[in-house]
Amino acid sequence: MKKYTEYKGLNLPEVDKEILKFWDENKVFDQSMNNRKDAPTYVFYEGPPSANGKPGIHHVMARTVKDLFCRYQTMKGKLVERKGGWDTHGLPIELSVEKELGITKEDIGTKITVEEYNTKCRETVMRYKDMWDDITVKMGYWVDLDDPYITFKNDYIESVWNLLKRLYDNGYLYKGYTIQPYSPAAGTGLSSHELNQPGCYRDVKDTSAVAQFRVIKNEDAKFLFDHADEDVCFIAWTTTPWTLPSNTALALGKKIDYVKVSTYNAYTGKPVSVILAKALIKKWFKEGADELDFDAYQQGDKKIPYRIAAEYKGEQLVGLRYEQLLPYQQPEEGDAFKVLHGNFVSTSDGTGIVHIAPSFGADDMMVGKQNGMGALTLVDKQGKFTDNVGEFSGRYVKNYKDNPDYKNVDIDISIKLKTENKAFNVQKYAHNYPHCWRTDKPILYYPLDSWFVKTTKAKDRMVELNKTINWKPAATGEKRFGNWLENLQDWNLSRSRFWGIPLPIWRTADGAEEKCIGSVADLQAEVAKSVEAGHMDAQIADDFDLHRPYIDNIVLTSSKGEPMKRELDLIDVWFDSGSMPYAQWHYPFENEEKFKANYPADFISEGVDQTRGWFFTLHAIAVMCFDSVAYKNVVSTGLLQAKDGRKMSKRLGNTVEPFKALDDYGADAIRWYMMSNSAPWENLKFDLDGVEEVRRKFFGTLYNTYSFYALYANVDAFYNKETSVPLAKRQEIDRWVISLLNTLKKEVDEDYANYEPSRATRKIMTFVDEHLSNWYVRLCRRRFWKGEKNEDKIAAYQTLYECLTTVAKLMSPVAPFFADFLYKNLNDATGQEAFNSVHLADFPVVDESVIDKDLEQRMNYAQRISSLVLSLRKREKIRVRQPLTKILLPVLDKAFREQVEGVKDLILSEVNVKSIEYITDTAGIITKKIKPNFKTLGRKLGKHMKSAAQVVAGFDQDIIAQIEQSGSYNFEVDGESIPLTLEDFIITSDDIEGWLVANDGPLTVALDVTLTDDLKAEGIARELVNRIQNIRKNKDFNVTDRIKVSIESHDALKPAIEQFGEYIKDEVLAVSLDLKAGVQGAEEVDLVDGLVVGILVER
RNA sequence: UCCGAUAUGGCGCAAUUGGUGAGCGCGUCCGCCUGAUACGCGGAAGGUUGCUGGUUCGAGUCCAGCUAUCGGGACCA
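Residue numbers (our numbering): 534 to 1632.
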């Protein structure tokens, strides 16, 4: 017969290794799915990590969340397949390759071929795959890594193309332009990633100009003019005067207050009325100048007089027209040179009126688009003015070429404005401006061609379907994600890079005809036509690599036989990962059934930073292509911070190395700590001390409970083969713990089902720690080691066994290693269940019939009463081994006495007292306290509550007794009489005259501390038992060894030995107990109050 | 500047959804139990629940405003 394995101590990392070996050898993960082959599915999507970076401790957190719900659902009888995946494209990979090769973007295609470069990317992208595989295994994350989806595979790309084609066909793809950071010196757009590199934003001094835009005097503008020849101008500030020739609008704020100020132009001395924000007058006019005499002004005076002539709301000015400032070019389309409202306009800088050049600012373009403005782009991609800008034509707007003779265009433009009476103010201005990280030159914002997904078209549907998704936490879905959807912009899909999925769109040179390709077969069909038309030499192979540069060599043919070239862009990598529900199965080209059975996902989980990332792209593609959600439940996990609450970073040296942490503490302690510390969506301050605490308190206790069980079950050869003792025949405490266990099953089940792992883990901890170990086992110890293997003992074993196996199952989703270790140790010995792993077992089903809330209440009384008695003992300095005669207990209500009687023996043995005496108040010795029950009384009395509370506080003992007896009380207020019942009051015993009392809520306990000689003798006997047991233990005797005890004679011991000798012998398994003088080799032991005795214990 | 989250003893977290001495764990100090290499128990110290107002008989909880931290976005004319 196999025995329960007994261990020398708990070593969680060892447990991990042992269990991993077992899982591996028995293919337990496979089994857990194969067993459920025909079961309903629970679909999980794995968000693909990039193996280009090393895994961190936060990945352990994110993946614990994923793993635990998949394991839970498997135990609930679902088939949960977990296809892994790798994100393999994207800028971080390209940048790391560039860095490694010591090249820049411009070198690709010149110093190194695109082919070589992409080969390098393909090699690099899986650089840390081994490390990822390693951590996946070590942390116990069950995911299928044998057959993962990989985004750079042709099949995957083909599926993505299919999605793009669907979008294209439904009018979701269009070509437009956006304003992006652009480096003329490098000739390339910059990503926000590149822009956020340290040192990118620098303080520089530029020439800033406030220009005067002359208002056109028409019907609408009439109200601005006080006299016919008044010169009224809007003034707007810019730090980039080179954008002024491209100005097409002005923006102001509707709600901002503006003023018209009469003054003189500082450079020409001509009178002028300028309009600016009221709040900014002080910025542009000298103090006291509003009191100067206008007529006395001479050109060149330092102080220029001014007067506020009128005041307007921004709203009144919207729609007015002005003369073009520098009329070199007219915009080809749109309604330009108008005043618009812009919600970004503030009065913190400038004049409260913003110069708008739609080609050179993102806000500018947005406001221009919204108002149908035209645009002027009078600077080319080299950063110089185009040919049609008069005297400035061909000049660089910044010194991009390091020309030593470079003349600042901003200054020259400013001079021109001054001489033409168009400059209100020109000065140097220091500000923070982004620079290109490669060339160190200032960037400029420039319109670049891009392909867009018209997500705005599907916005309403996305919002609607989002409401059907269960977000954890809800606020992330409703607010964060919901708001994001409400303010949706079109999705810029284009990336001007090399390693990624190419945009499958071909165009003729004039853009008149374009084709979007949705599959390799489509492409081949088009290539066939092209070969016929003579644009290509040969058909492409079936396994033609769809990446650049090969794809760029494909030239298609238009309906008119013109060559069509591919649009050179790649698509945003977020589209790659958002396509995984389809592309992981190569849908729709293969696996249609598989796809349908696995769509949409029941559950996904990633970090909250994915709200605008993967969560969005999954949702957007699903809504636009399939009018469906992509996932039904989503848990967005919080950030993992260092223990000081700061971000973990290598620079601060506060990172936690995941492999070391796993090696030191084992996966379970870390997983359990992460889940129990706070809800997964809260930020977690990760502290290894907390992991250690979990290990000690939870796993240590549970392990020890098992050890205790194993020790005695082996002695008694208990393998749970006996008929189960009916609950009715078991002790009260057995029924109690089984009742709690079933409550636990129920609640933990609900918590897991509701994606609330911290609630579940905390409840399991409380059960194991407080109830099972420190109450059940503690109080039942004797049943396990005393006496014969009778029914009561079997009942105890059966009860504990059930608790342990059930806990193993309940905890297994979060702590898969230890749970299996525990389960196997138990089940392998008993063979009770057919499963050889807890992960193949079913989730425990609650038995409502054994949940007895009354019993739980009783036991709660027992625990609290015991605790009160112990506190009294402490106060009186009477040790627990000293028996006492009785406890006095005031009776709270009728049920109370009965309830306490049910657990009386437990209390008495726990606190070492002989009896309980109940007292009712007939003797008048109990002082009572009364308090309103706010919850019930508040509803009845409402605003009279306050006065009622005062009245109640004034009740004396007589009134309290009266209320208790009659069970009712009439509260008089404002001539009104409100009947109250006993329920509306909380009456507690406060004191018992002449006794030592302690209180805990309604409970009051008094203790009789009189010590008789008999009690003293018994106390000494108990002390002796304790000392002898300690000696046994120190001598490493087996718990079953019989011993001989000799004690050095002492008067104080005689009564104890005489009266309780048999008791002592029985307790310590002694065959003899002698009290004699001159014991050889006795141990000196401090017994009580400085009484030292010599004891000899022999086998 | 906008959006979101968070704010409770030294630290980490609770508080049954508005009901009244604000709990638990860690840590510190004193004491105890242990036939279980684990845990626990009793006691002590430690709180104006970020601030200010409001609603209410009653607010840690609801509302408004503010502050701080974190995250995300926009912008830096």
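Cβ atoms here follow ideal geometry from the backbone N, Cα and C, with glycine treated the same way.
Could you pull the DSSP bridge partners for Asp1533 from this structure?
Residue pairing by DSSP places Asp1533 opposite Leu1536 in a beta bridge.
Work out the CA separation of Arg1145 and Glu627 for me, nearest whole Å.
In a straight line, the C-alpha of Glu627 is about 22 Å away from that of Arg1145.
Ignore the nearest five residues each way along the sequence and tell me which others in Leu1474's own chain have a CB closer than 6 Å to its CB.
Hits under 6 Å: Ala1481.
So for Ile1463, helix, strand or coil by DSSP?
If DSSP states are grouped into helix, strand and coil, Ile1463 belongs with the strands.
Counting pairs of Cβ atoms below 8 Å between the region 1539-1558 and the region 1574-1588, do you hit three or more?
Three or more beta-carbon pairs drawn from the region 1539-1558 and the region 1574-1588 are found closer than 8 Å, and the two stretches are therefore classed as touching.
Would you list the residues sitting across from Arg1099 in a DSSP beta bridge?
Residue pairing by DSSP places Arg1099 opposite Trp1039 in a beta bridge.
Does DSSP put Lys1005 in a helix, in a strand, or in coil?
Strand at Lys1005.
Pick from Arg1314, Asn544, Pro891, Thr1238: whose alpha carbon is nearest that of Tyr978?
Nearest C-alpha to Tyr978: Pro891.
Using DSSP bridges, identify the partner residues of Glu997.
In DSSP, Glu997 forms no bridge with anything.
Using a Cβ-Cβ cutoff of less than 6 Å, which residues in the same chain neighbour Ile768 once the five nearest sequence positions on both sides are dropped?
If you ignore the 5 residues before and after Ile768, its C-beta comes within less than 6 Å of the C-beta of Val743, Gln745, Val807, Leu809, Thr884, Phe957, all in its own chain and listed in chain order.
What would DSSP say about Ile590, mapped onto helix, strand or coil?
Here Ile590 sits in helix by DSSP.
Option in Ala1058, Val1227, Gln1365, Glu1434 with minimal Cα separation from Ile1087
Taking each of Ala1058, Val1227, Gln1365, Glu1434 in turn and checking the Cα distance to Ile1087, the smallest one comes out for Ala1058.
Could you tell me the distance, in whole angstroms, from the CA atom of Gly1500 to the CA atom of Lys1461?
Those two C-alpha atoms are separated by around 16 Å.
Taking DSSP as the reference, what is the three-state secondary structure of Ala584?
Three-state result, Ala584: coil.
Can you tell me whether Asp600 is buried or exposed? The criterion is at least 16 other CB atoms within 10 Å of its CB, across all chains shown.
Label assigned to Asp600: buried.
First and last residue of the beta strand (DSSP E) that includes Leu1421?
1417-1423 is the extent of the beta strand (DSSP E) around Leu1421.
By the three-class DSSP mapping on this structure, what secondary structure does Tyr791 have?
Tyr791 falls in the strand class under three-state DSSP.
Alpha carbon to alpha carbon, what distance is there between Gln832 and Val794?
So the two alpha carbons sit approximately 18 Å from each other.
Please report how far the alpha carbon of Asp1078 lies from the alpha carbon of Gly673, in whole angstroms.
A direct Cα-to-Cα measurement between Asp1078 and Gly673 gives close to 36 Å.
Where does Arg1560 land, buried or exposed, given buried means 16+ other C-beta within 10 angstroms?
Buried.
For His968, three-class secondary structure by DSSP:
Three-state result, His968: strand.
Considering Cα atoms alone, identify which of Glu1631, Lys1357, Arg1228, Arg615 is closest to Ser1370.
Check the Cα spacing between Ser1370 and each of Glu1631, Lys1357, Arg1228, Arg615: the tightest is with Lys1357.
Measuring straight from C-alpha to C-alpha, what distance separates Lys750 and Val851?
Looking at the two C-alpha atoms, the distance is approximately 14 Å.
In three-state terms, what does DSSP make of His1372?
Reduced to three states, the DSSP call for His1372 is helix.
If you drop the 5 nearest sequence neighbours on each side, which residues of the same chain put their C-beta closer than 6 Å to that of Leu1151?
The residues are Gly1111, Ala1163.
Where are the alpha helix (DSSP H) runs, 4 residues long or more, that stay fully inside the region 1283-1345, in chain order?
With a minimum length of 4 residues, the continuous alpha helix (DSSP H) runs that stay inside the region 1283-1345 are 1290-1299, 1311-1318, 1324-1344.
How should Glu1019 be labelled, buried or exposed, when 16 other C-beta atoms within 10 angstroms of its C-beta is the threshold for buried?
Around the beta carbon of Glu1019, a 10 Å sphere encloses fewer than 16 other beta carbons of the protein chains shown; the residue is thus reported as exposed.
I'd like to check one pair, Val676 with Ala1116: are the Cβ atoms closer than 7 Å?
Not in contact: Ala1116 and Val676 (Cβ atoms no closer than 7 Å).
I need the straight-line Cα distance from Lys587 to Cys969, nearest angstrom please.
Their backbone Cα atoms lie some 28 Å apart in a straight line.
Expressed to the nearest angstrom, what Euclidean distance is found between the alpha-carbon atoms of Glu1280 and Lys1322?
A direct Cα-Cα distance of roughly 34 Å separates Glu1280 from Lys1322.
Using the DSSP secondary-structure output, state which residues sit across from Gly618 in a beta bridge.
DSSP lists Tyr682 as partners of Gly618.
Simplified DSSP state of Cys733, which is helix, strand or coil:
Residue state, collapsed to three classes: coil.
With DSSP collapsed to three states, give me the class of Ser716.
Assignment of Ser716 by DSSP, reduced to helix, strand and coil, places it in the strand class.
Buried or exposed (CB count within 10 angstroms, at least 16 for buried), Asn1210
Sixteen is the threshold: when 16 or more other Cβ atoms of the shown chains lie within 10 Å of the Cβ of Asn1210, as they do, the residue is buried.
Sequence-distant residues of the same chain with beta carbon closer than 7 Å to Tyr1239, five excluded per side
Answer for Tyr1239: Leu1337, Leu1355, Asn1358, listed in chain order.
Since Arg1633 is in the alpha helix (DSSP H), which residue starts that stretch and which ends it?
Lying outside 534 to 1632, the shown extent of the chain, residue 1633 is not represented and no answer is given.
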